[in-house]
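The sequence shown begins at 1 in the numbering used here and counts up by one. Notes for the one structure printed next.
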Amino acid sequence: MVDLALVGLRAADLLATLDDAEQSVAARFVRPGDRSRYEAAHVGLRVVLAACGRTGMAAVSVARAACGRCGAPHGKPVLPDRPDVGFSLAHAGSVALVAVAAVPVGVDLEPVDGRSVANLVRSICTSGEVRALEAAGAPPARVLRVWTRKEALLKATGAGLTRDPTTVEVGLGGAATVEGFRVTDVDVPVAGYVAAAAWEGSAPRRVRLGAVIVEERQPLCVLHG
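Here's what the structure looks like:
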């Protein structure tokens, strides 16, 4: 099972649940809108993790794993008290997506908003993906779909963008197994977004989508880990 929670990024008054590191990051945003979206996304993450763990939000402790390259604690986000739970957060525009599973998991979300993606193709794609996209006319939604698949996979592996995305091939869509991880597209019920999820293992898993509206202080769909 992979639980996905769609989080509405609206004004939140649960900011006291964020830890010192998160509040420090939030304080560095220059634009208030960016800061508010970051805060709401991370509050939403805690709502989801608390629901999955059947605990209070104050009991959710998020840390960073050691970096695979330098050993410093700025790797993948983890729950020190729940090593059996994998999770991932992505936010873009006014929406955030949270994935929770019993294995390492990654999720990514991108808005299809009319921006040019011409330079993105060759900076993220393998030669095979470049050929396939260019043959299809490189429609922005498809290019961004490939990007979400790559970022979800790299989050799940823990490498993140320390690994060059042009070194991993994920295909243009559908379910695929890449380097021991399953990658699939996610249909987000919000117009103008594409998303993908990835998890450790080659077996398909049922992906369940719920929603959390931070402002209302309660999940619309209580998720079970």
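For glycine and all other residues, C-beta sits at the position ideal for the given N, C-alpha and C. Since this is a predicted model, take the numbers as computed values, not measurements.
Open item on the list: Which residue wins for smallest C-alpha separation from L15, given the options S36, L89 and R82?
Closed with: S36
- [ ] Mind reading off the beta-carbon distance from E124 to P165? Whole number of angstroms is fine, and I expect it under 8 Å.
- [x] For clarity, residue 124 is Ile in the given sequence; the question names Glu instead. The pair is a contact, with the Cβ atoms about 4 Å apart (cut-off 8 Å).
- [ ] Could you say which of T148, M57, T55 and R122 lies nearest to A92 if we only look at CA atoms?
- [x] T148
Task: Residue range of the unbroken alpha helix (DSSP H) whose run includes S116 - done: Where S116 is concerned, there is no enclosing alpha helix (DSSP H), given that its DSSP letter is neither H nor E.
Open item on the list: Let me make sure I understand the geometry here. Which of L144, R64 and P139 has the alpha-carbon closest to that of V78?
Closed with: R64
Open item on the list: Which of the three DSSP states is assigned to P165 in this structure?
Closed with: helix
Open item on the list: Let's see if you can read the secondary structure: which residues bound the alpha helix (DSSP H) around T148?
Closed with: P140 to T157
Task: Check whether P73 and G86 have beta carbons under 7 Å apart - done: no
Open item on the list: According to DSSP, simplified to helix, strand and coil, what is H91?
Closed with: strand
TODO: With L133 as the anchor, note down where its alpha helix (DSSP H) starts and where it stops.
DONE: S127 to A135
Task: Where the alpha helix (DSSP H) through P32 begins and ends - done: P32 to G53
Task: Beta-carbon separation (whole angstroms), V178 vs L153, contact threshold 8 Å - done: 6 Å
- [ ] Can you tell me which of R163, T167, G174 and M57 puts its alpha carbon nearest to the alpha carbon of R145?
- [x] G174
- [ ] Go ahead and pull the three-state DSSP assignment for H224.
- [x] Low local confidence applies: a pLDDT of 33 at H224 is under 50, so the model's placement there is unreliable, and no value is given.
Open item on the list: Assess contact between the stretch 51 to 61 and the stretch 131 to 139, defined as three or more Cβ pairs (one per stretch) separated by less than 8 Å. Is contact present?
Closed with: no
- [ ] Quick one: residues in its chain with C-beta nearer than 7 Å to the C-beta of K150, no 5 flanking neighbours on either side, listed in chain order?
- [x] I124, P165, V168 and V170
Open item on the list: Do L172 and A132 have their beta-carbon atoms positioned less than 7 Å apart in this structure?
Closed with: yes
Task: Own chain partners of E200 with C-beta closer than 6 Å, once the 5 adjacent residues on each side are dropped - done: V103, P104 and F181
Task: Where G173 sits in the DSSP three-state scheme - done: coil
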